[in-house]
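One structure below.
Chains as they are written, first to last, in full-length UniProt numbering: chain A, 1 to 195; chain B, 1 to 195.
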């Protein structure tokens, strides 16, 4: 059985095309015309699936945010010493980032010009805050060094993790997602210097 | 003695205005008209100082690059064990980044659309390469852990350092440049976990 190309489009495939175009042109610089050309379907076919580009943005950043927030519900993020829970969260953040690379890349580039962007920034801040709380608890337990302020340490660790979107390409030879996660956990928790 | 405003403009003050506008609008999105408005002087007055916006870009990223390369010539970056030299370089990178924040921010945003941008990217790669070589030497000495690949470790450490431009504001309360440098050195070399 064959189907015409336009019939093969699902909200999912349209979303992956939209995310690619948003990341290439910037969300502000993307028109429905660009999306229609990139997807190879008419604008009215797109409107059959979604109300417009802001809905595509919302679905795309939701996928990244849902992946990140789901980490906090995993058992090793909820049970045990705060430092171990933090280590699990850092490892899984890298795994989610590498597995959902275009979606997390888009999330990290959101600037706050539309309601959806401001909502995404708010949820990002909420996630960052929950990780900072975990780090604070680990410091209170005495498991984490006390000579780097928790808020600063959180920012620097997020900086290292988030920078991965700038150069990681899953199709290239090099570290896999779980290998990257291992490397980040080692550097973040034990540092470069051999004890 | 009073001087008319246009006479107070030096290449240095024009440069600082240009860097601010480039960082706000993006280099591609900045016209000589934007620069003229932001500086409050005519376009022809700007052309009295420089040949055009690409020369301003070149001067701006040169200031950042010269600051970074100068680190490698400092004695503690040249003499001693590679791991200690690397530690000095990491510390000084954070200090230069925070001291020359708008210039380094611009350098990190360069994309490679013009000859000057490609030249800046080439020099950045050269700097990164020199730091990676230092890390390789420290690993060969056995002073740095062997279970994270050097190229990956370099990228992650640069990711942490460079992310500082996203949120560090020298005018806000919070860590000073040298305090930030201390925090980064502690995290990068010894990690979060208390031994």
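Every residue, glycine too, gets a C-beta built ideally from N, C-alpha and C.
In this text the structure is predicted, and so the values were computed from the model without any measurement.
Assumed close pair residue i, residue j - CB separation to whole angstroms, cut-off 8 Å
i, j, result
"residue 69 of chain A", "residue 127 of chain A", "6 Å"
"residue 114 of chain A", "residue 168 of chain A", "Between residue 168 of chain A and residue 114 of chain A the Cβ distance is about 27 Å, and since that is not below 8 Å, they are no contact."
"residue 173 of chain A", "residue 147 of chain B", "About 19 Å; that fails the 8 Å criterion."
"residue 120 of chain B", "residue 65 of chain B", "7 Å"
"residue 89 of chain A", "residue 134 of chain A", "6 Å"
"residue 106 of chain B", "residue 22 of chain B", "5 Å"
"residue 82 of chain A", "residue 138 of chain A", "4 Å"
"residue 104 of chain A", "residue 165 of chain A", "6 Å"
"residue 67 of chain B", "residue 100 of chain B", "5 Å"
"residue 11 of chain A", "residue 61 of chain A", "With 8 Å as the limit, residue 11 of chain A and residue 61 of chain A do not qualify as a contact, their Cβ atoms being about 15 Å apart."
"residue 163 of chain B", "residue 163 of chain A", "6 Å"
Pairwise C-alpha distance: residue j and residue i
i, j, result
"residue 195 of chain A", "residue 150 of chain A", "23 Å"
"residue 171 of chain A", "residue 183 of chain A", "19 Å"
"residue 79 of chain B", "residue 85 of chain B", "7 Å"
"residue 48 of chain A", "residue 40 of chain A", "14 Å"
"residue 58 of chain A", "residue 116 of chain A", "6 Å"
"residue 143 of chain A", "residue 77 of chain A", "16 Å"
"residue 91 of chain B", "residue 9 of chain A", "52 Å"
"residue 189 of chain A", "residue 110 of chain A", "29 Å"
"residue 19 of chain A", "residue 75 of chain A", "31 Å"
"residue 52 of chain B", "residue 25 of chain A", "26 Å"
"residue 191 of chain B", "residue 123 of chain A", "28 Å"
"residue 95 of chain A", "residue 181 of chain A", "6 Å"
"residue 175 of chain A", "residue 13 of chain B", "45 Å"
"residue 29 of chain A", "residue 145 of chain B", "44 Å"
"residue 179 of chain A", "residue 130 of chain A", "25 Å"
"residue 87 of chain A", "residue 161 of chain A", "13 Å"
"residue 43 of chain B", "residue 27 of chain B", "17 Å"
"residue 36 of chain B", "residue 54 of chain B", "15 Å"
"residue 1 of chain A", "residue 15 of chain A", "Its pLDDT being 44, under 50, residue 1 of chain A is placed unreliably in this model, and the value from its coordinates should be taken loosely. The alpha-carbon atoms of residue 1 of chain A and residue 15 of chain A are separated by roughly 25 Å."
"residue 46 of chain B", "residue 38 of chain B", "11 Å"
"residue 132 of chain B", "residue 141 of chain B", "14 Å"
"residue 125 of chain A", "residue 56 of chain B", "36 Å"
"residue 93 of chain A", "residue 102 of chain A", "14 Å"
"residue 193 of chain B", "residue 193 of chain A", "13 Å"
"residue 118 of chain A", "residue 112 of chain A", "5 Å"
"residue 177 of chain A", "residue 63 of chain A", "18 Å"
"residue 136 of chain B", "residue 136 of chain A", "34 Å"
Legend entry - Whole runs of the alpha helix (DSSP H) within the segment 47-128 of chain B, excluding any shorter than 4 residues: 53-73, 75-78, 82-99, 101-109
Legend entry - Within 9 Å of chain A by C-beta, residues of the segment 169-184 of chain B in sequence order: Answer set for the segment 169-184 of chain B: 174, 175, 179, 180, 182, 183, 184.
Inset, instruction - For the segment 81-93 of chain B, enumerate the residues whose C-beta is nearer than 7 Å to any C-beta of chain A, in chain order. - result: 83
Inset, instruction - Below 9 Å between beta carbons is the criterion; list the residues of the segment 144-155 of chain A that meet it against any residue of chain B, in chain order. - result: 144, 145, 146, 147, 148, 149, 151, 152, 153, 155
Inset, instruction - Give, in chain order, every unbroken run of the alpha helix (DSSP H) that is at least 4 residues long and sits entirely within the segment 158-190 of chain A. - result: 177-190
Inset, instruction - For the segment 120-131 of chain A, enumerate the residues whose C-beta is nearer than 7 Å to any C-beta of chain B, in chain order. - result: none
Legend entry - Residues, ordered as in the chain, of the UniProt DNA-binding region "H-T-H motif" (31-50) of chain B that lie near chain A by beta-carbon distance below 7 Å: none
Legend entry - Within the segment 14-50 of chain A, ranges of the alpha helix (DSSP H) (whole runs, at least 4 residues): Secondary structure remark: continuous alpha helix (DSSP H) runs of at least 4 residues inside the segment 14-50 of chain A, in chain order: 32-39, 43-49.
Inset, instruction - Please name the residues in the segment 94-109 of chain B whose beta-carbon is closer than 8 Å to at least one beta-carbon of chain A, in chain order. - result: none
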